[in-house]
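From first to last, the protein sequence lines stand for chains A and B. Remember, my numbering sits 173 above the position in the first sequence when you count from 1. Remember, my numbering sits 689 above the position in the second sequence when you count from 1. All C-beta atoms in this analysis are idealised placements derived from N, C-alpha and C, irrespective of residue type, glycine included. A quick write-up on the structure given underneath.
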Amino acid sequence: MTLSLPGADRLPKRKARAPKRPALDTAAGRSLLQALAVIAFFALWETGVRAGWISAFLVGSPLGIFAVAWKMITGGELLADTWFTLFEAILGFVIGTIIGSLLGLALWYSVFVARLVEPFIVAINSVPKIALAPIVVLWFGTGLISKVALSVSLTAIVALIAAYQAAKDADVDLQSLLISMGASKHQVFFKAVVPSTLPAIIATFRINIGFGLVGAVVGEFISSQRGLGHLIYTASSLYDLDTVWAGLFTLMIMGFALYYVIDLIERTSLPWKQASTTHQVQV
Amino acid sequence: MIPAPIQLSVRNVRKSFHGKAGEVRVLDDLSFDINARDFVSIIGPSGCGKTTIFNIIAGLIEPDAGSMHYLGQEIESLRGRVGYMMQKDLLFPWRTVLGNVLLGLETRGVDRIEAEGKAREYLKAFGLGGFENAYPKMLSGGMRQRVALIRTLIMDPDILLLDEPFSALDYQTRLYLEGVLKEAVETYHKTVILVTHDIDEAVALSKRVVVLSGRPARAKIVHDIDIAAASPIAARSDSRFSGYFHALCAELDIQTEKTT
Ligand SMILES: Nc1ncnc2c1ncn2[C@@H]1O[C@H](COP(=O)(O)OP(=O)(O)OP(=O)(O)O)[C@@H](O)[C@H]1O
Ligand SMILES: [Mg+2]
């Protein structure tokens, strides 16, 4: 009997060394394509309005939005509203994340207390917190505090659950090693548990910065004299779609900028994680 | 020869775990003695309870029964006084090499400057000078294990508990680190208990080898290894090496036949 080996044709073919990439797959190329897509979108929209295919009254028009935005920028209102909303969102995000993370971490200390409050945490988390907005305004008034409070209620629970889960998942062997060295419970907490929860806590920043903005804007919808939420709400009640869009695009730019700030924090705050993430497996 | 005093004595220790499949008796009436400046290897079938013994000595778990004596005094455990190197290297990923080495001294509250000076000295002595600020992720397996060894030694523990410290390494690195360990133990006059699956390693390094039976673990037999070689590599070419090696193999083989 002859020895049968798999035919070479059944094995994967040798590929060229460098995988072929589209010519535009460079940083500049991608930016160019993205810019073109945006321009095309607005051009189509403007053309549609001009040609009467879509109603300028119901959807607004890019040139109209631009004109309104320009007027509000030069008048200074847009910037003032932007700062106000941004301030509320960041304040809510920071306070909520700190309170939530601290509470979540503290639950590590007592398994008894943690088990006791777990169902309550789940219950609180399952309430759509936006539904609290009217009460929050009732309690904290129509100023800054009510928006911050709403943002805190949204962000704190996310941070709490993430921090608590990460603390529970912290490597038991690292903790055992410290205990064998004679470490106290506090030392185990600060040397093993807290550092191992940081990646999970920082990962919530991305979600929570969005929730911070949601809290601020919804708070402003309910009642406010300032902020982008207030701008959008009042403009839409007047069917002033161009102003609504100007506010929305400003919010989008703000969210975008915040996202990159968070991304930067994520990348610089955990240098020990970096070494591994520079490579991506080529599939 | 004057017999060395008994440093650690483990008497009639029992331990069972309660799992889904019912009670698992891991240690059943286990007793053994460790002399001062001893180098004892423990070999035995996988899952027989070697790590459990270490966890009891280190005070991570409590035995169901039995006692331990340290230099004649009854003790609860050696928590805080052992240098425990676990089966994994367990370097803290968020700490640099220096930070990892400092861990034990930090928990003891040693003055920072003094501790750092000592840590740098040790790192240099073990050929890791220049890697102080590297994160564990960037090190090779052998380097990580060396850092873990330094972290264990720098605390000046009464007894070193080494749980298969080199099992994940390639043969060359293992030989090299065995030499590093042997030298360090002699320099710092340490008592060592080493768990290993590698009979060859046990014979080359130890003064005595304890053979454990399968679960529940009992000390079946203790072999004195009478090789006075300068290094673990030299020990392997000693004329008595293969005699010990085969005696221990036979010991383990008999047990695997019995337990299967
Ligand atoms: N926390 C635990 N709960 C339940 N069973 C356990 C626990 N720890 C260990 N065991 C069981 O006890 C037995 C001995 O475990 P141990 O880790 O001491 O073995 P070992 O001799 O170190 O094995 P190996 O050589 O593979 O490392 C195993 O059967 C294991 O399943
Ligand atoms: Mg083990």
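| said: Can you determine whether any heavy atom of ligand 1 sits closer than 7 Å to the C-beta of Gly708/B, and answer yes or no? | reply: yes
| request: Anything in the segment 810 to 828 of chain B with a Cβ closer than 7 Å to a Cβ of chain A? List those residues in chain order, please. | output: Tyr824, Lys826 and Met827
| request: Using beta-carbon positions only, say whether Phe855/B and Glu867/B come within less than 8 Å of one another. | output: yes
| By DSSP, does Asn822/B sit in helix, in strand, or in coil? | coil
| field | Ile375/A at chain B interface by Cβ criterion, 8 Å | value | no
| query | What residue does the alpha helix (DSSP H) around His403/A start on, and which one ends it? | reply | Leu401 to Ser410
| Buried versus exposed, by CB contacts within 10 Å (16 or more), Cys737/B | buried
| message | Determine, for Asp346/A, whether the minimum Cβ-Cβ distance to residues of chain B falls below 8 Å. | response | yes
| request: Measure how close the beta-carbons of Thr377/A and Val417/A come, nearest whole angstrom, since I'm counting them as under 8 Å. | output: Contact doesn't hold; Cβ gap of about 31 Å is too wide.
| query | What first and last residue would you give for the alpha helix (DSSP H) that runs through Met757/B? | reply | Taken as a continuous stretch (DSSP letters only), Met757/B belongs to no alpha helix (DSSP H), being part of the beta strand (DSSP E) at Ala754 to Tyr759.
| task | For the beta strand (DSSP E) holding Glu763/B, just list the boundary residues, first then last. | result | Gln762 to Ile764
| For chain A, is any of its Cβ atoms less than 8 Å away from the one on Met832/B? | no
| message | Could you compute how far the alpha carbon of Ala242/A sits from the alpha carbon of Ala279/A? | response | 47 Å
| message | Please report whether the beta-carbon of Pro368/A lies at a distance below 8 Å from any beta-carbon of chain B. | response | yes
| query | Does Ile352/A have its Cβ less than 8 Å from a Cβ in chain B? | reply | yes
| Integer-rounded CB distance, given that Lys739/B should sit under 8 Å from Val884/B | 4 Å
| field | Same chain, Cβ closer than 7 Å to Ala747/B, neighbours up to 5 away in sequence not counted | value | Ser766, Leu767, Arg768, Val771, Tyr773 and Leu850
| field | Distance between beta carbons of Ile732/B and Ile910/B, contact taken as under 8 Å | value | So it is not a contact: roughly 11 Å between Cβ atoms.
| said: Taking contact to mean 3 or more Cβ pairs, one atom from each stretch, closer than 8 Å, check whether the segment 780 to 796 of chain B and the segment 810 to 829 of chain B are in contact. | reply: yes
| said: Between Arg835/B and chain A, is any beta-carbon pair separated by less than 8 Å? | reply: no
| task | Kindly examine ligand 2 and report whether one of its heavy atoms sits closer than 7 Å to the Cβ of Gln762/B. | result | no
| query | Quick one: is the Cβ of Val713/B within less than 7 Å of any heavy atom of ligand 1? | reply | yes
| message | Considering only their Cβ atoms, is the gap separating Leu828/B from Ile922/B smaller than 8 Å? | response | no
| message | Which same chain residues end up closer than 6 Å to Ile764/B when comparing Cβ atoms and leaving out the 5 residues on each side of it in sequence? | response | Met757
| query | Interface residues of chain A around Ala747/B at Cβ under 7 Å? | reply | Ser353
| task | Apply the 10 Å Cβ neighbour rule to Glu393/A and answer buried if 16 or more other Cβ atoms are within range, or exposed otherwise. | result | buried
| Local conformation of Ile750/B per DSSP, three classes | coil
| request: Starting from the beta carbon of Trp218/A, find every residue of chain B whose beta carbon is closer than 9 Å, and list them in chain order. | output: Residues of chain B passing the Cβ test: none, with the nearest at roughly 49 Å.
| message | Any beta carbon from chain A within less than 8 Å of Pro782/B's own beta carbon? | response | yes
| query | Any beta-carbon of chain A closer than 8 Å to the one on Met844/B? | reply | yes
| Ala908/B in three-state terms, based on DSSP | strand
| field | Limits of the unbroken alpha helix (DSSP H) element including Met774/B | value | Where Met774/B is concerned, there is no enclosing alpha helix (DSSP H), although the beta strand (DSSP E) it sits in stretches over Val771 to Met774.
| query | Can you tell which of Leu351/A, Pro195/A and Leu205/A has its C-alpha closest to the C-alpha of Val366/A? | reply | Leu351/A
| task | Quick one: using the 10 Å Cβ neighbour count with 16 as the cut-off for buried, is Asp342/A buried or exposed? | result | exposed
| Between the segment 760 to 784 of chain B and chain A, which residues of the former have a C-beta closer than 8 Å to a C-beta of the latter? | Arg768, Gly769, Arg770, Val771, Tyr773, Met775, Lys777, Leu779, Phe781, Pro782, Trp783 and Arg784
| query | Straight-line CA distance for Thr862/B to Arg833/B? | reply | 12 Å
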